[in-house]
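Participant: Sharing a structure here in structure tokens format.
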Amino acid sequence: MKVTRLHVAVIAIVEAIIILGLTGYIFFLAPKPPLEEVRIGISMPLSPPGDYLGGKYQVEAYKLAAKEINEAGGVLGGRKISLCIYDDEGRPELAEGIVSRLVLEDKVCAIVGSWHSSVAVAIARTADKYEMLYLSSAASTDAYSELHSPWVFRQCMSDYDCCIINKIFIEARGYKRIILMSEDTDFGIGTAETIKEILDEANYPYEYCEIVIFPYDAKDFKVTLLSIREKKPDVLIFTSGYDAMFLIPKQAYELGLHKEMDIVSEWDPPAWHPNWWPLVGEASVGIYFPIYYHPDVLTEKGASLIRLFKEELKVELPVYDVWAFDALKTVAQAIDIAGSTDPAAIAEALRENEFSGAFSKIRFETHLDIHPGYWQKNAWCMVWWVQYTELNQHWTEAKVIVTREQLY
Amino acid sequence: MIFSLPLFFNILLISIIYGLIYSLMGMGLTMIFGIMKLTNFAHGDFYMLGSYFLFFLITMFNIPFYFAIPLSMATVFVLGVGCEVFLLRPVREIERSLEYALLITISLGTIIKKLVIILVGPYKYTPGDFVSFTIIGISGNEVIACVTAIIMIITVHTTIKKTSTGRFWRAMAEDKFIAKVVGVNINRNSSYAFGVSTMLAGVAGALIAPIFYVTPLNGNLALVKGYVIIAIGGLGSFIGSIFGGIALGITEGLGSAFYNPAYKDVYGFILMVIVLTMKSWLGERSEIFVEKVKNTMSFRWWLRH
């Protein structure tokens with residue numbers, strides 16, 4: 001058959017109608033595809049050798065925050081937050097692989113989390129390499145900020161903050177013979193050395209301030225405690241994130257050390273750890289420890305978060321989970337302010353703005369004149385020093401030894 | 409460091425108590441090595457299981473500790489026998505059986521750990537104090553652990569020396585083929601030996617439960633200590649593992665108290681290196697002396713006398 005001009009014209013008209021019809025359908029009639037989710041990466045220890053229990057609770061805090069954000073309409077006009085969670089096992093050597101996967105495969109716009117300081121340091125270095133925003137909710141080591149990377153932020157208190165708090169407590173109690181007993185991790189050694197440095201800088205008139213380091217997985221401390229007793233210290237301050245935090249006060253009690261010196265936990269697990277009273281028992285009576293929030297001075301938001309944790313997870317809310325919860329909500333607010341999922345724009349928004357957290361306002365500040373670790377760090381800090389005076393006492397009823405006003 | 413004689417003896421006493429408990433781990437490992445020529449990397453996990461069984465027997469069934477300890481021992485024994493029958497026996501007659509058995513124990517350890525985490529969670533537990541008294545810094549739990557460890561050492565020794573099963577084990581330790589030829593039931597006696605060995609780990613775990621708590625990972629450190637002990641005491645040496653345990657406890661204790669607790673684990677390894685070097689050095693210098701020491705320390709000698 002001979003193709004005439006009429007044939008060509010008919011075919012062209014039919015094609016034009018089909019194209020216009022399809023275009024119209026796509027633009028006006030077809031169901032709209034859901035908006036792409038905004039992905040945020042999380043690295044947490046969820047199996048040994050890391051502290052998987054602490055990791056588990058923090059992941060729950062992140063999930064609660066994501067749920068709350070998504071129920072309130074998500075970010076960037078309706079995009080849902082999706083969490084990409086990886087198990088870092090508390091091993092720094094896994095951090096690089098996790099960050100690579102989050103950046104290259106999952107295409108996240110920010111990374112939050114990590115529980116162990118050593119892992120956070122490794123993530124920070126890799127995130128800096130990839131120019132990826134990283135907001136740690138729990139890394140306390142000062143080494144975390146030593147890169148002074150524009151991509152790295154800190155939600156929680158640093159070791160330096162904790163050491164200042166310990167120094168003020170030592171001053172308030174007037175201790176002269178001080179033993180700092182710490183595990184052999186960057187957290188333990190870093191804390192003990194910094195407390196001593198701060199005391200030295202302040203010319204604190206101690207008779208001696210001795211650091212005793214032990215392996216982080218050690219379990220029998222009695223011989224070490226016996227040799228400490230011979231030095232007749234006023235105070236024994238212990239730092240550990242592992243079994244030692246329960247075993248040191250317990251074994252010190254069995255040796256009768258609690259009658260001869262003050263036993264002090266450098267950080268706050270006596271307040272929130274679900275196993276504290278079952279494991280330490282009567283050895284816990286008399287122990288001193290700091291707390292980082294107090295129910296008497298809570299915001300409405302903070303109180304509702306505590307209730308939420310008790311209802312959903314049946315646990316006391318540790319401050320680290322508040323920081324985790326706030327970290328995700330802060331990143332979500334920064335994404336909205338930046339109006340984009342570009343990590344550079346989010347980082348800029350974090351630096352330039354103030355955010356609302358569960359317990360207080362959040363603002364990332366840099367004060368290198370105070371300390372090299374004070375880099376893009378949340379300035380919020382609330383502390384009290386308390387002492388358990390009765391068996392199975394709730395931490396909110398513990399005797400306040402140093403008030404917040406005395407500390408600041 | 410301030411040195412005083414009472415402090416020294418107090419530290420020595422505590423170190424010996426822990427050393428005796430460690431030596432139960434070493435004894436179990438050396439039994440398997442001596443009789444079955446097998447290195448058991450799941451030994452620490454049987455230790456962990458012993459502590460869990462004790463915890464559940466005491467807290468869930470309100471069984472007093474003096475019944476709970478033998479019951480958890482018996483449970484770990486049955487598990488050990490089961491593992492030998494279903495996992496190790498099938499590979500015994502194949503080529504490179506020891507290598508396969510070694511891989512099986514590594515996998516078994518990982519599976520036990522993960523299973524415990526899945527079933528009961530990653531939490532720490534305590535069965536509560538066995539008794540609540542303290543004498544010169546030594547708790548009632550430690551006293552009970554020490555006394556039970558001594559009873560276990562004597563019982564196992566008597567079993568090896570006086571019973572027919574012990575005679576079969578001795579024969580298997582000498583030469584498994586000859587033992588089989590003269591009518592020893594290798595399968596049955598291997599199962600018993602493996603069961604008793606895991607039972608020793610289980611009782612160590614049960615005894616230590618109120619002292620160091622119950623966690624899915626508490627077998628790791630115990631396993632390392634067990635291997636240091638048998639390296640110090642001599643591979644396959646039963647009595648060596650008892651002395652090795654005590655020597656390790658004392659070395660770690662004195663090193664931690666009078667030098668630096670940061671190197672606690674290193675002291676054991678230093679002792680191990682010294683002992684191994686001495687053995688090698690004496691081997692070159694005086695074969696007779698080494699033979700004497702070897703005879704005194706060896707599992708076979710222990711079994712014979």
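Chains as they are written, first to last, in our numbering: chain Z, 1 to 408; chain Y, 409 to 713.
Just so you know, even glycine gets a beta-carbon here, dropped at the ideal spot from N, CA and C.
(1) For Z:HIS394, count the other beta carbons within 10 Å of its own beta carbon; 16 or more makes it buried, fewer makes it exposed. Which is it?
(2) Verify the CB distance criterion: does Z:VAL223 have a CB-CB separation below 8 angstroms to chain Y?
(3) Mind listing which residues of the region 504-531 of chain Y have their C-beta closer than 9 angstroms to chain Z's C-betas, in chain order?
(4) Let's test the definition: count the other Cβ atoms within 10 Å of the Cβ of Z:ILE178 and tell me whether it reaches 16, buried, or not, exposed.
(5) Counting only beta-carbon separations shorter than 8 angstroms, does Z:PHE214 have a partner in chain Y?
(6) Does Y:THR542 have its Cβ less than 8 angstroms from a Cβ in chain Z?
(7) Mind checking if Z:GLU230 is an interface residue toward chain Y, Cβ cutoff 8 angstroms exclusive?
(8) Smallest Cα separation from Y:ASN595: which of Y:GLY490, Y:ILE654, Y:CYS554?
(9) Please confirm whether Z:ASN275 has its beta-carbon closer than 8 angstroms to some beta-carbon of chain Y.
(10) Can you tell me whether Z:ASN415 is helix, strand or coil according to DSSP?
(11) Is the CB of Z:ASP184 under 8 angstroms away from at least one CB in chain Y?
(12) Could you compute how far the alpha carbon of Y:VAL589 sits from the alpha carbon of Y:TRP577?
(13) Taking the alpha carbon of Z:LEU226 as the point to measure from, which residue in Z:SER43, Z:ILE248, Z:ILE306 has its own alpha carbon closest?
(14) Assuming Y:ILE419 and Y:LEU662 form a contact by the criterion Cβ under 8 angstroms, report the distance between their Cβ atoms to the nearest whole angstrom.
(15) Within 10 angstroms of the Cβ of Y:MET560, are there 16 or more other Cβ atoms? Answer buried if so, exposed if not.
(16) Beta strand (DSSP E) containing Z:PHE238: first to last residue?
(17) Could you name the residues that DSSP lists as bridge partners for Z:VAL112?
(18) Using three-state DSSP, classify Z:SER140 as helix, strand or coil.
(19) So is Y:TYR474 buried or exposed if we call it buried at 16+ other beta carbons inside 10 Å?
(20) Using a Cβ cut-off of 7 angstroms, pull out every chain Y residue sitting near Z:LEU255, in sequence order please.
(21) Can you list, in chain order, the residues of its chain with a C-beta nearer than 7 angstroms to that of Z:PHE169? Leave out the 5 residues immediately preceding and following it.
(22) Leaving aside the five residues before and after Y:THR623 along the sequence, list all residues of the same chain whose C-beta is less than 6 angstroms from its C-beta, in chain order.
(23) For Y:PHE417, does the three-state DSSP call read helix, strand or coil?
(24) Z:ILE211 bridges to which residues according to DSSP?
(25) Indicate whether at least one CB of chain Y lies closer than 8 angstroms to the CB of Z:ASP217.
(26) Helix, strand or coil for Y:SER664, going by three-state DSSP, please let me know.
(27) Please list the segments of the alpha helix (DSSP H) lying wholly inside the region 626-663 of chain Y, counting only runs of 4 or more residues, in order along the chain.
(28) According to DSSP, is Z:SER117 part of a helix, a strand, or is it coil?
(29) Hey, how far is the Cα of Z:SER136 from the Cα of Z:GLY113?
(30) Using C-beta distances below 8 angstroms, list every residue in its chain close to Y:GLY422, excluding the 5 sequence neighbours before and after it, in chain order.
(31) Going by C-alpha to C-alpha distance, which of Y:PRO669, Y:GLY634, Y:LEU516 sits closest to Z:ALA218?
(32) Closest to Z:PHE153 by CA distance: which of Z:TYR320, Z:LEU298, Z:ALA327 is it?
Facilitator: The answer reads as follows:
(1) exposed
(2) yes
(3) LYS521, LYS522, ILE525, GLY529, PRO530, TYR531
(4) buried
(5) yes
(6) yes
(7) yes
(8) Y:GLY490
(9) yes
(10) Here chain Z covers residues 1 to 408 and nothing more, so residue 415 of chain Z does not appear.
(11) yes
(12) 14 angstroms
(13) Z:ILE248
(14) 6 angstroms
(15) buried
(16) 235-239
(17) Z:ILE42, Z:LEU135
(18) coil
(19) exposed
(20) GLY545
(21) TRP385, VAL402
(22) LYS532
(23) helix
(24) Z:LEU180
(25) yes
(26) helix
(27) 626-641
(28) helix
(29) 5 angstroms
(30) It should be noted that the sequence gives Ile, not Gly, for residue 422 of chain Y. Correct list, in chain order: GLY545, ILE546, GLU550, GLY661.
(31) Y:PRO669
(32) Z:ALA327
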